[in-house]
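Student: Structure incoming, see below.
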């Protein structure tokens, strides 16, 4: 049911927690019954410097939050923006059908990250 | 189950718990002492299992200086450490697993007013236990094997992981037909009335759903003075909280009265179910409105000020559940629900524990199940609908 990647990030998440006085904070979720992920981060020289998450929901969504944080840490916003849909999808590896809603979560995390950062730049 | 019988079942290659799962009616006919002894053995066995397989739980037991060997008699069950229900909402809820995540077959959830889902994870054995147990309880209390289910809630297709919907949907497997009347957060009471008429003289129609949605339907009937007449085999089955998102508490007495008046049922046809997504328990109303606890699961009602002590039978306290069916996570949990165990003998002649739900603990950070969010959504959708400007 769960890929080794999901098991690892769910069971041993590296980025769970809070960033003190974050530059950016955003949340992905479903108001009725769905998963919720809150991301906090600080930028440094147009890059993601510190990032942490709190997530509530299924194992795959919690793993998604951790994989997202790992994948953007130290990366420039230009590089993150250049990621294709396929590249973002591939971050999660193989998923069972009931876990595939996490692809949308991963997409939303990327777009919200960029929206938050670009909004500040504007 | 005395020790000999328990060992004999084990030596025969059978699982004592699964033998019990197939014997719900028989268990309800045992005397209370025999039933309590049976529960004691399977709960103690479950305690050993989680102690041996769950680092987090074992460490908690060590901190409290309790080992499964210390559980020698029924009165010792109160010493089994309890997992507070809010840990199922925690970021690190993986620590509750007594099995590998690889062995988890099903994730179920429920959300209250905070919107933070409580996620329970079940391995294959736990799913087996839950399925057998839920069906056995449905058969025991409803004896349903035919009819039509009018579900005043969304389908499992729309919200597949919601515990309440999943449990209610299992009833549909016993029926001839069913229909979910909440689609894409829309509920049209006129369609419910049409469906009831369409099934008339063909099926007994059971109305199934969370209390607030059935209440919403009754409000519609009341406003138009429509009085339906469900047949004598029909049930009105409710599962979910009795508090609306607004905080308004639905009165069970008033709900029953209105079901009788507007749905045309007798009071004994109205049955409420108490269940929790984190547990495999299901307490179902009998024909006298008394909720019977699943016979192999133990309810321990604690003094909220001294959680290591039980209140006397009949007094209100905080519910702790000792659920031996849970193999993937310790089924020993402290809920935020205030309940009382009913003293005396059951009017329906069943032995075992009977419970009355009183309220969510006042200090609880939230209330409700997924139904409470549905209630809120439906109210928002209705508020968004344009009002007709023409005076009639």
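Protein chains in written order, with our numbering: chain X, 1 to 122; chain S, 1001 to 1392.
Glycine is no exception: its CB is placed at the ideal position from the N, C-alpha and C atoms.
Everything numeric in this text was worked out from a predicted model, so none of it was measured.
(1) Exposed or buried, what is residue 1011/S when buried is set at 16 or more other beta-carbons lying within 10 Å of its beta-carbon?
(2) In whole angstroms, what separates the C-alpha of residue 4/X from that of residue 1021/S?
(3) Measuring straight from C-alpha to C-alpha, what distance separates residue 35/X and residue 1169/S?
(4) Can at least three beta-carbon pairs, one atom from the region 4-20 of chain X and one from the region 63-71 of chain X, be found at a separation below 8 Å?
(5) What residues from chain S crowd round residue 16/X, counting only those whose CB sits closer than 9 Å?
(6) For residue 77/X, return the contacting residues in chain S, with the cut-off set at a CB-CB distance below 8 Å.
(7) What is the rounded straight-line gap between the Cα of residue 1337/S and the Cα of residue 1375/S?
(8) Could you please tell me which residues of the region 1146-1170 of chain S, in chain order, have their CB closer than 8 Å to any CB of chain X?
(9) May I have the straight-line CA-CA distance separating residue 1218/S from residue 1231/S, to the nearest angstrom?
(10) On the three-state DSSP scale, how would you describe residue 1391/S?
(11) Assess contact between the region 92-107 of chain X and the region 1131-1150 of chain S, defined as three or more Cβ pairs (one per stretch) separated by less than 8 Å. Is contact present?
(12) Quick one: grab the DSSP three-state call for residue 1099/S.
(13) Going by the beta-carbon positions, is the gap between residue 1118/S and residue 1278/S smaller than 8 Å?
(14) Output the distance between the C-alpha atoms of residue 1229/S and residue 1264/S, rounded to the nearest integer angstrom.
(15) Can you confirm whether residue 93/X, when its beta carbon is compared against all beta carbons of chain S, has any partner nearer than 8 Å?
(16) Using a C-beta cutoff of 8 Å, does residue 82/X count as contacting chain S?
(17) Check distances from the C-beta atoms of the region 1057-1090 of chain S to those of chain X and list, in chain order, the residues that come in under 7 Å.
(18) Say whether the region 22-29 of chain X touches the region 80-94 of chain X, bearing in mind that this needs 3 or more beta-carbon pairs closer than 8 Å, one atom from each stretch.
(19) In this structure, how does DSSP classify residue 1012/S when only helix, strand and coil are distinguished?
(20) Counting only Cβ pairs nearer than 8 Å, list the residues of chain C close to residue 1104/S.
(21) Can you name, in chain order, every residue of its own chain whose Cβ lies under 8 Å from the Cβ of residue 32/X, other than the five neighbours on each side?
(22) State the beta-bridge partners of residue 1393/S as determined by DSSP.
(23) Taking only the alpha-carbon atoms, compute the straight-line gap between residue 1291/S and residue 1339/S and give it to the nearest angstrom.
(24) Please tell me whether, using a cut-off of 7 Å, the distance from the CB of residue 51/X to the nearest non-hydrogen atom of the ligand NAP is below it.
(25) Identify, in the order they occur along the chain, each residue of the same chain with its Cβ nearer than 7 Å to the Cβ of residue 58/X, setting aside the five sequence neighbours on each side.
(26) Can you list, in chain order, the residues of its chain whose CB lies under 8 Å from that of residue 1104/S, leaving out five sequence neighbours each side?
(27) Could you give the residue range of the beta strand (DSSP E) that holds residue 1233/S?
(28) Do the region 1037-1044 of chain S and the region 1305-1318 of chain S meet, that is, are 3 or more Cβ pairs less than 8 Å apart?
(29) Does the CB of residue 97/X have a neighbour CB from chain S at under 8 Å?
(30) Starting from the C-beta of residue 1106/S, find all residues in its chain whose C-beta is less than 6 Å away, skip the five residues before and the five after it, and write them out in chain order.
(31) Using the Cβ count rule (16 or more neighbours within 10 Å means buried), how would you classify residue 1149/S?
(32) The beta strand (DSSP E) that contains residue 1299/S, what's its start and end?
(33) Residue range of the alpha helix (DSSP H) that residue 1137/S falls in?
(34) Enumerate in chain order the residues of its own chain whose CB-to-CB distance from residue 1046/S is below 6 Å, with the five nearest sequence positions on each side excluded.
(35) Thinking C-alpha only, which one of 119/X, 70/X, 76/X and 18/X is nearest residue 106/X?
Tutor: Taking the coordinates as given:
(1) exposed
(2) 34 Å
(3) It is roughly 22 Å from the alpha-carbon of residue 35/X to the alpha-carbon of residue 1169/S.
(4) Cβ pair count under 8 Å is three or more, so yes.
(5) 1091 and 1092
(6) Residues of chain S passing the Cβ test: none, with the nearest at roughly 27 Å.
(7) 21 Å
(8) 1159, 1160, 1161 and 1162
(9) 17 Å
(10) With a pLDDT of 49 at residue 1391/S, under the threshold of 50, the predicted position of this residue should be treated as unreliable, though the coordinate-derived value follows. Residue state, collapsed to three classes: coil.
(11) In short, these stretches do not touch, since the Cβ pair count stays below three.
(12) Of the three classes helix, strand and coil, the one that applies to residue 1099/S here is coil, per DSSP.
(13) Yes. Within cutoff.
(14) Taking the straight line from one Cα to the other gives about 4 Å.
(15) Output row for residue 93/X: interface = no.
(16) So, not an interface residue.
(17) 1089
(18) no
(19) coil
(20) Of the chains in the structure shown, none is chain C; the protein chains are X and S.
(21) For residue 32/X, the predicted structure reports a pLDDT of 47, less than 50, and the residue's modelled location is therefore unreliable. The matter cannot be settled from this model.
(22) Outside the displayed range of chain S (1001 to 1392) lies residue 1393/S, so it cannot be described from this structure.
(23) One C-alpha to the other measures close to 11 Å.
(24) This structure does not include the ligand NAP; it has no bound ligands of any sort.
(25) 35
(26) 1097, 1121, 1122, 1123 and 1328
(27) From DSSP, residue 1233/S is part of no beta strand (DSSP E); its letter is neither H nor E.
(28) With contact defined as three or more Cβ pairs closer than 8 Å, the region 1037-1044 of chain S and the region 1305-1318 of chain S are not in contact.
(29) no
(30) 1122 and 1127
(31) By the Cβ neighbour-count rule, residue 1149/S is buried, with 16 or more other Cβ atoms within 10 Å of its own.
(32) In the DSSP assignment, residue 1299/S falls within the unbroken beta strand (DSSP E) covering 1298-1303.
(33) 1124-1142
(34) Take residue 1046/S, set aside five residues on each side of it, and the residues of its chain with a beta-carbon closer than 6 Å to its own are 1324, in chain order.
(35) For residue 106/X, the nearest C-alpha among the options comes from 70/X.
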